[in-house]
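Numbering (this note's numbering), first residue to last: 13 to 231.
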């Protein structure tokens, strides 16, 4: 049975659910981790406005994990076969600073340490939606996808992210939302997910393809 670590941090809930569902289909044992720190900010999602309160990333992530979650500090690469980081604004605000700094972003130091440990051990890392920017920042020359690199379309409103990936030293590979890209050299698997404005089941299918490829790389 494969053991997979999921790193949360303000994850898009549908992406997290899709990752968990597909890992379950593959019979994987899953442990969920998140940084024990304050969120960058708190948003009222009914209005899209910032709220004047503070929330903890680990405690908020515990809702998605149904309470079964540990501090990212407790994650040890030696205990797992793979790592997956779902996307969402948390990946761009709490796990990294991409939302505010773009290609000049930094990655949470603890997460950076954990990703580098998995990479150094030759263990696969899966990322979806905006999260591939984290791999681009940490792994020189890595191949990732966020879907399209053609800006100005309604279907791909965040296509400019591809340019930031290239600026950070990564290689962007164009894919459809239902596909995943596998960088065999670095064992990094990525899929676009909600970088695309499309039907929910297509997002789910793309995440499923990413999970399938990550599991295959553990064999």
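We treat Cβ as the ideally placed atom computed from N, Cα and C, and that holds for glycine. This one's a predicted model, so the numbers in the text were calculated from it and none came from an experiment.
- For secondary structure counted as the beta strand (DSSP E) over 3 or more consecutive residues, the stretch 169-198 holds these complete runs in sequence order: 193-195.
- In the three-state DSSP reduction, residue 104 falls in the helix class (H, G or I).
- Between residue 22 and the set 16, 104, 155, the nearest pair of CA atoms involves 104.
- By the criterion of a C-beta distance shorter than 7 Å, residue 74 is surrounded in its chain by 81, once the five residues flanking it on both sides are discounted.
- Less than 8 Å separates the beta-carbon of residue 138 from that of residue 223.
- Note: residue 139 is bridge-paired with 97, 202 in the DSSP secondary-structure output.
- Check the Cα spacing between residue 110 and each of 131, 97, 144, 94: the tightest is with 144.
- Judged by DSSP secondary structure, residue 19 falls within the beta strand (DSSP E) whose first and last residues are 15-19.
- The beta carbons of residue 193 and residue 165 sit no closer together than 8 Å.
- Rounded to whole angstroms, residue 218 and residue 203 show a C-alpha spacing of 6 Å.
- In the three-state reduction of the DSSP assignment, residue 211 falls in the coil class.
- Bounds of the alpha helix (DSSP H) holding residue 127 are 121-132.
- Distance between residue 163 and residue 118, taken at the CA atoms: about 24 Å.
- Judged by pairs of C-beta atoms under 8 Å, the stretch 128-135 touches the stretch 86-106, as three or more such pairs exist.
- Our two residues, residue 198 and residue 230, have alpha carbons roughly 13 Å apart in a direct line.
- Looking at the DSSP output, residue 44 shares a beta bridge with 18.
- Take residue 108, set aside five residues on each side of it, and the residues of its chain with a beta-carbon closer than 6 Å to its own are 117, 119, 146, in chain order.
- Here residue 134 is exposed: its Cβ has fewer than 16 other Cβ atoms, across all protein chains shown, within 10 Å.
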